[in-house]
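**Q** Protein chains in written order, with the numbering used here: chain F, 5 to 165; chain Z, 1476 to 1767. For glycine and all other residues, C-beta sits at the position ideal for the given N, C-alpha and C. Bear in mind the structure is a predicted one, so any value in this text is a computation, not a measurement.
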């Protein structure tokens, strides 16, 4: 347990109002993911964060199930940006070495091509055949610098947990 | 000379899998006399990496905003994910001085600076509704799709979060419906219309999105809509490309054709199904053509 955890979270942009959650459950009730999951409950994650259950929250698979539809953000009567709190939790989990493999792939694609997906040569050729202009190129040097400056490169090197 | 001009932000999903959206959008905007300028260079808007690093998302988005500021052009994004992200970062950096300082600190190292307040970011349907206008679209419709009944799926980031997007009513969105009705087609209501398609968590968990999108397809079919109309390449991928997989997992048949709004509008404007790349759709949409 880390009783100061909520203060740390509340300093992260978007997550400032975590302390205002009074557990009404609107976020869970309106969450389309929660309707199809037995485990994903944003209200519970807000409470666990307030209580300081840091290790359990950050190592949980469940925090990765938010689809960022922002329904909870629009509906929270306390103005808590629930989706941003969850994003803050996932960002911290990454620093602890927890990151679903799909994000490693996306990050690797972006650093190698600028695009989140590897676009096969054949598809580039098809673009030309269809009369579409060539895709804009990425500045890979800039992307690599930004990955380093934001310490994201370090997070990617962390051993997988 | 066209009076409307935008920097076209294609994003990643469209060139990767959904070029039918790009092909039909280019056709429609040419007809509406809107000039689209290619991005001088490009990187992902940053949204896919927001869950793992907010700072990376902010800097990737801001870098694109800087490119638009350099060109002094407003951005039109076809993908709501890109539009929402760029719009949100454009606003957040202007409102939050500390955040702007942080991001500009990073950007300085690559010789860029976000100024803020000089350019706007809009999603395609926002451009159609606010800048092109319903009247001009109506005038361009030459072959109305009378008798066709469809349903719409907006895509979350066109509407939410309200504090950053501020477009239409997220609880009861009507603008895409109005745009659809300009084509002569009727747009029906269905259960859970504004719910997410689930696509963003594919890769982390496939089970939930397949059931979520399946429920939406079931509800669309229940009101006898003959097609589902989307304005997001990611949602489109979920409903169209993944439809056979959803049918397998749920042991149900839907057979709901999923068209980009620009394909529907293009048909009503008189473009052929070839010109609008309808053959690229996974679920056969040929039965739609009889209304044309």
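(1) Looking only at C-alpha atoms, which of Z:1685, Z:1480, Z:1555, Z:1591 sits nearest to residue 1511 of chain Z?
(2) Output yes if chain F places a C-beta closer than 7 angstroms to the C-beta of residue 1767 of chain Z; else output no.
(3) Less than 8 angstroms between the CB atoms is what I'm expecting for residue 117 of chain F and residue 1528 of chain Z, so what's the real figure, rounded?
(4) Per the contact definition of three or more C-beta pairs closer than 8 angstroms, is the segment 1656-1672 of chain Z in contact with the segment 1585-1600 of chain Z?
(5) Output the boundary residues of the beta strand (DSSP E) element that contains residue 1513 of chain Z.
(6) Determine the contact status of residue 107 of chain F and residue 58 of chain F, defining contact as a CB-CB distance below 7 angstroms.
(7) Distance cutoff 7 angstroms, beta carbons only. Does residue 119 of chain F sit that close to anything in chain Z?
(8) Taking Cβ-Cβ distances below 9 angstroms as the criterion, which residues of the segment 84-95 of chain F are in contact with chain A?
(9) Name the chain Z residues whose beta carbon is nearer than 8 angstroms to that of residue 131 of chain F?
(10) Of all the beta strand (DSSP E) runs that stay within the bounds of the segment 1512-1565 of chain Z, which reach a length of 3 or more residues?
(11) Closest Cβ-Cβ distance between residue 1736 of chain Z and chain F: below 7 angstroms?
(12) Check each candidate in Z:1680, Z:1520, Z:1530 and name the one with the smallest Cα separation from residue 142 of chain F.
(13) Could you check whether residue 1671 of chain Z and residue 71 of chain F sit closer than 7 angstroms to each other, using their CB atoms as the reference points?
(14) Where does residue 1737 of chain Z sit, in a helix, a strand or coil, going by DSSP?
(15) Any beta carbon of chain F sitting closer than 7 angstroms to that of residue 1534 of chain Z?
(16) For the alpha helix (DSSP H) containing residue 1419 of chain Z, name the first residue and the last one.
(17) Pick out whichever of F:91, F:148, F:136 has its Cα sitting closest to the Cα of residue 20 of chain F.
(18) DSSP beta-bridge partners for residue 1704 of chain Z?
(19) Could you tell me whether the Cβ atoms of residue 79 of chain F and residue 146 of chain F are closer together than 7 angstroms?
(20) Going along the chain, which residues of its own chain have a beta-carbon closer than 7 angstroms to the beta-carbon of residue 1614 of chain Z, five neighbours each way excluded?
(21) Based on Cα-Cα distance, which residue from F:46, F:115, F:159 lies nearest to residue 84 of chain F?
(22) At a Cβ cut of 9 angstroms, what residues of the segment 1693-1726 of chain Z count as close to chain F, listed as they run along the chain?
(23) Applying the criterion that 16 or more other CB atoms from any shown protein chain within 10 Å of the CB defines a buried residue, is residue 1465 of chain Z buried or exposed?
(24) If you pair each beta-carbon of the segment 1544-1560 of chain Z with each one of the segment 1597-1604 of chain Z, do three or more pairs fall below 8 angstroms?
(25) Residue 154 of chain F CB to nearest chain Z CB: under 7 angstroms?
(26) Using only alpha-carbon positions, find the residue among Z:1635, Z:1616, Z:1509 that is nearest to residue 1482 of chain Z.
(27) Based on the DSSP output, what are the partners of residue 1569 of chain Z in its beta bridges?
(28) Tell me, which residues are paired with residue 1662 of chain Z by DSSP?
(29) Here's a check: name, in chain order, each residue in its chain whose Cβ is nearer than 6 angstroms to the Cβ of residue 1725 of chain Z, leaving out the five neighbours to either side.
(30) Secondary structure at residue 1698 of chain Z, three-state DSSP: helix, strand or coil?
(31) Compare the Cα-Cα distances from residue 1693 of chain Z to each of Z:1626, Z:1539, Z:1576, Z:1485 and report the closest residue.
(32) If you measure from the beta carbon of residue 1683 of chain Z to each beta carbon in chain F, is any gap under 7 angstroms?
(33) Check for me: the beta strand (DSSP E) holding residue 1496 of chain Z runs from which residue to which?
(34) Give every residue of the same chain whose Cβ lies closer than 6 angstroms to the Cβ of residue 98 of chain F, excluding the five residues on either side of it in the sequence, and list them in chain order.
(35) Please check if any C-beta of chain F sits within less than 7 angstroms of the C-beta of residue 1666 of chain Z.
(36) Is it buried or exposed, residue 1743 of chain Z, if we count other Cβ atoms within 10 angstroms and call 16 or more buried?
**A** Taking the structure as given:
(1) Ranking the options by Cα distance to residue 1511 of chain Z, first place goes to Z:1480.
(2) Answer no: the Cβ-Cβ gap between residue 1767 of chain Z and chain F never drops below 7 angstroms.
(3) Rounded to whole angstroms, the Cβ separation of residue 117 of chain F and residue 1528 of chain Z is 18 angstroms, and the two are not in contact under 8 angstroms.
(4) No: the two stretches stay apart, fewer than three of their Cβ pairs being nearer than 8 angstroms.
(5) Residue 1513 of chain Z -> beta strand (DSSP E) spans 1509-1513.
(6) Going by C-beta atoms, residue 107 of chain F is not nearer than 7 angstroms to residue 58 of chain F.
(7) Output row for residue 119 of chain F: interface = yes.
(8) In the structure shown, chain A does not exist; the protein chains are F and Z.
(9) Listed by position along chain Z, the residues whose Cβ is nearer than 8 angstroms to that of residue 131 of chain F are 1490, 1494.
(10) The DSSP assignment places 1550-1552 as complete runs of the beta strand (DSSP E) inside the segment 1512-1565 of chain Z, in order along the chain (cut-off: 3 residues).
(11) False, the Cβ-Cβ gap to chain F never drops below 7 angstroms.
(12) Ranked by Cα distance from residue 142 of chain F, the first of Z:1680, Z:1520, Z:1530 is Z:1520.
(13) A distance below 7 angstroms separates the beta carbons of residue 71 of chain F and residue 1671 of chain Z.
(14) If DSSP states are grouped into helix, strand and coil, residue 1737 of chain Z belongs with the helices.
(15) Taking CB atoms only, residue 1534 of chain Z has a neighbour in chain F less than 7 angstroms away.
(16) This structure cannot speak to residue 1419 of chain Z, because chain Z is shown only from 1476 to 1767.
(17) Closest option to residue 20 of chain F, Cα to Cα, is F:91.
(18) Residue pairing of residue 1704 of chain Z in beta bridges, as defined by DSSP: Z:1627, Z:1734.
(19) With respect to the 7 angstroms criterion, residue 79 of chain F and residue 146 of chain F are not classified as neighbours on the basis of their beta carbons.
(20) Excluding sequence positions up to five before and after residue 1614 of chain Z, its CB lies less than 7 angstroms from no other CB in the same chain.
(21) Selection F:46, F:115, F:159 evaluated against residue 84 of chain F yields F:46 as nearest (Cα-Cα).
(22) Residues of the segment 1693-1726 of chain Z that bring their beta carbon within less than 9 angstroms of a beta carbon in chain F are absent altogether.
(23) Only positions 1476 to 1767 of chain Z appear in this structure, which leaves residue 1465 of chain Z out of reach.
(24) They touch, by the three-pair rule.
(25) At least one chain Z Cβ lies under 7 angstroms of residue 154 of chain F.
(26) Residue 1482 of chain Z has its Cα closest to that of Z:1509, out of Z:1635, Z:1616, Z:1509.
(27) DSSP, once it has assigned bridges, lists no residue as partnering residue 1569 of chain Z.
(28) As a beta-bridge residue in DSSP terms, residue 1662 of chain Z pairs with Z:1625.
(29) The residues are 1689.
(30) Under the three-state reduction of DSSP output, residue 1698 of chain Z falls in the coil class, being neither helix nor strand.
(31) With distances taken between CA atoms, residue 1693 of chain Z lies nearest to Z:1626 out of Z:1626, Z:1539, Z:1576, Z:1485.
(32) Taking 7 angstroms as the CB threshold, residue 1683 of chain Z lines the interface with chain F.
(33) First-last for residue 1496 of chain Z: 1494-1506, but that is the alpha helix (DSSP H), not the beta strand (DSSP E).
(34) The beta carbon of residue 98 of chain F is closer than 6 angstroms to those of 159 in its chain, skipping five residues each way along the sequence.
(35) Residue 1666 of chain Z does not count as touching chain F.
(36) Residue 1743 of chain Z comes out buried.
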